[in-house]
Structure formats: C-alpha cells, structure tokens
Amino acid sequence: MITLFISDLHLDECRDDITQAFLRFLNERAPQAQALYILGDLFEVWIGDDGMSPYQRQIAQALRQLADQGTQIFLMHGNRDFMLGKGFCREAGCQLIREQTLINLYGQSALLMHGDLLCTQDREYLRKRWRLRNPISRWLLRHLPLSTRHQLARKLRAASQYHTRNQAQKITDVTPEAVQSYMARYAVQVLIHGHTHRPTIEPLKVLGQPAHRIVLGDWDRQAWVLEVTERHQYRLKAFPL
Numbered sequence: 001m002i003t004l005f006i007s008d009l010h011l012d013e014c015r016d017d018i019t020q021a022f023l024r025f026l027n028e029r030a031p032q033a034q035a036l037y038i039l040g041d042l043f044e045v046w047i048g049d050d051g052m053s054p055y056q057r058q059i060a061q062a063l064r065q066l067a068d069q070g071t072q073i074f075l076m077h078g079n080r081d082f083m084l085g086k087g088f089c090r091e092a093g094c095q096l097i098r099e100q101t102l103i104n105l106y107g108q109s110a111l112l113m114h115g116d117l118l119c120t121q122d123r124e125y126l127r128k129r130w131r132l133r134n135p136i137s138r139w140l141l142r143h144l145p146l147s148t149r150h151q152l153a154r155k156l157r158a159a160s161q162y163h164t165r166n167q168a169q170k171i172t173d174v175t176p177e178a179v180q181s182y183m184a185r186y187a188v189q190v191l192i193h194g195h196t197h198r199p200t201i202e203p204l205k206v207l208g209q210p211a212h213r214i215v216l217g218d219w220d221r222q223a224w225v226l227e228v229t230e231r232h233q234y235r236l237k238a239f240p241l
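Laid out in structure tokens, this is it:
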C-alpha cells in the first residue's frame, strides 16, 4: 500500500505540458495508491465554483475517474485556489480538508499543511492572506460578477509573482521556529507541506525526538510526487513533464 502527496501544480490552460503530465499521473500512477493528497495550489487561479471553465471541469472529471477506481482523494486549499469549494469537490469526487490536517499515516501521525503559514518572516504576504481569507472577504468575493473576479484574480496573480521575485529567499521560505511550533503543537514527528517550491526531506528534532519535514516540489520544470509506504518509507520523486 502507498499514499501519494502532491502540491503546487498551478494547473492552467496555457501550460499543456503540466496538464498532460497530471492526466498521465492520474491514469498510470495514482490508481495504485490507497489515497492521494493534494496540498494546495492545484490550480493557478480559482475564482469560484460557479465560474468553472471547461478546462477545469476536465480536471474534475479526471479526478472523479480516479476516485471511482477506489483511490481516496483529499484536497487542501492553497494561496492561489483558496476559493475552491464543495461544488468542485462533489464533481471531482474528492474531500476538502482543513489547512492543518492531522492524519494517521500507517500508524504514524503526520501533519499536513499547504505551507504558507510557516513563512512567518513574510509579513506582507500574511497580512494580505488574512484580509482575503476572512469570512467577510470570501462572501464578498463569491458575490462579485465573474468578470470582476477574473480581473481581480489577474491582478492578485501579478502582484504575487512580483512579490516573490523581489523578496529575499529567506523571507519567502519557512522559519525553523514556525516548523517547531506547529509540530510540537500537534505532537508529530512528520510534517508534509508545499508552497515554497523547495523540495526536500529534512531531518530535525522536535521536543528532543527525531522528526522529518518533507517539502513537496512544484510542477514547473518537472513533476514532484511523494510516495509513502506502509513501512514508513518516504520517497520524494521527480518526473519529467
């Protein structure tokens, strides 16, 4: 038995290479897994379930086909697709999970996160995140006309890209204090997250005990997949697009 973890695909119609790699993954590799966890930023942008494009419905149908074959699919919000809702999940046959989710991974507790909350030095981003994610903002966004949401999404995406390019690398990466704090709070020795686009398996100690932080890679130049076996083997693999 294996469980698969991916994040930061940033699926978009203009990146057919990523789309085709993901569809191959769903058809060839994912059906062998007991479960698939998508830890945020499945899509480059999401303006609401009522604004699903034919391309996004194609992705939902591919996920539904995998779910119908018996693989459980769990989906977490990222910073680009935090408006994903129950409508998409029903169509895709997946379950939406919280931003901090504790799972039993073959007898071992693991904490799952998208990863942006671990970047505590990036205060400008965290302030914008709070403003966009609070319930009032979400309600307002859902009730804007689709054309307005499209315009806003383009502006937010451009601002995010500019911010990332112009910030020092250490500011947009996680802080060790945040990693330690979350892992100690949830009493886990395994943390799996994405967001930073810096794939690694990092050994560390939490409360004096051996632990690991596993960072998923983004799907840009190659596709990154974490495989976890029932024997607690963690394999972070990269595949060509």
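Each residue of the sequence shown is one higher than the one before, counting from 1 in full-length UniProt numbering. Glycine included, every Cβ here is placed at the ideal spot set by N, Cα and C.
For R149, count neighbouring Cβ atoms within 10 angstroms of its own Cβ and tell me buried if that reaches 16, exposed if not.
Buried: at least 16 other Cβ atoms inside 10 Å.
Where do the N-terminal and C-terminal ends of the alpha helix (DSSP H) with I47 fall, by residue?
I47 -> no alpha helix (DSSP H), and no H or E assigned at all.
Between D50, L118, H143, Q100, which has its C-alpha nearest D173's C-alpha?
That would be L118, whose Cα lies nearest to the Cα of D173.
Between A60 and the rest of its own chain, which residues show a CB-CB distance below 8 Å, the 5 nearest in sequence each way excluded?
Correct list, in chain order: M52, F88, E91, A92.
If you reduce the DSSP assignment to three classes, tell me which class A238 lands in.
DSSP places A238 in strand when its eight states are reduced to three.
Could you check the C-alpha separation between L241 and Q222 for me, to the nearest Å?
One C-alpha to the other measures close to 5 Å.
Once DSSP output is grouped into helix, strand and coil, what is the label at M76?
In the structure shown, M76 sits in a strand (DSSP, three-state: E or B).
Which first and last residues belong to the alpha helix (DSSP H) in which M183 is found?
M183 -> alpha helix (DSSP H) spans 176-186.
Determine the closest residue to L146 out of L26, D50, L11, D8, with distance taken between C-alpha atoms.
L146 has its Cα closest to that of D50, out of L26, D50, L11, D8.
By DSSP's criteria, H212 is part of a beta bridge. Which residues make up the other side?
DSSP output for H212 lists V190, P203 as bridge partner(s).
Count the other C-beta atoms from every protein chain shown that fall within 10 angstroms of the C-beta of T229, then say buried if there are 16 or more, exposed otherwise.
Exposed, by the Cβ-count rule.
Please return the same chain residues whose Cβ sits closer than 7 Å to the Cβ of R142, not counting the five positions on each side in sequence.
Correct list, in chain order: G48.
How would you label Y55, buried or exposed, when you count the other beta carbons within 10 angstroms and need 16 or more for buried?
Label assigned to Y55: exposed.
Please state the DSSP three-state secondary structure of Y106.
Of the three classes helix, strand and coil, the one that applies to Y106 here is coil, per DSSP.
Leaving out the 5 sequence neighbours to the left and right, which residues in its chain are closer than 6 Å to residue 260 when beta-carbon positions are compared?
Because the chain is modelled from 1 through 241, residue 260 falls outside the range shown and cannot be assessed.
How should T3 be labelled, buried or exposed, when 16 other C-beta atoms within 10 angstroms of its C-beta is the threshold for buried?
By the neighbour-count rule (16 or more Cβ atoms within 10 Å), T3 is buried.
Have a look at the DSSP bridge pairing and note the partners of M113.
DSSP output for M113 lists Q100 as bridge partner(s).
Going by beta-carbon coordinates alone, are F25 and L11 separated by less than 8 Å?
Contact flag unset, no.
Name, in chain order, the residues that DSSP records as bridge partners for W224.
W224 is bridged to A238.
If you check the beta carbons only, do Q72 and V190 fall under 8 Å apart?
Contact: no.
So T3 is in the beta strand (DSSP E); what residue range does that whole segment cover?
Note, T3: beta strand (DSSP E), 2-6.
I need the DSSP call for L63, collapsed to helix, strand or coil.
Helix, per DSSP.
Does the separation of the CB atoms of L236 and P199 fall below 8 Å?
Yes, the Cβ-Cβ distance between L236 and P199 is below 8 Å.
Report, in whole angstroms, the separation of the C-beta atoms of D81 and W46, which I expect to be a contact under 8 Å.
That belief holds up - the Cβ atoms of D81 and W46 are roughly 4 Å apart, short of 8 Å.
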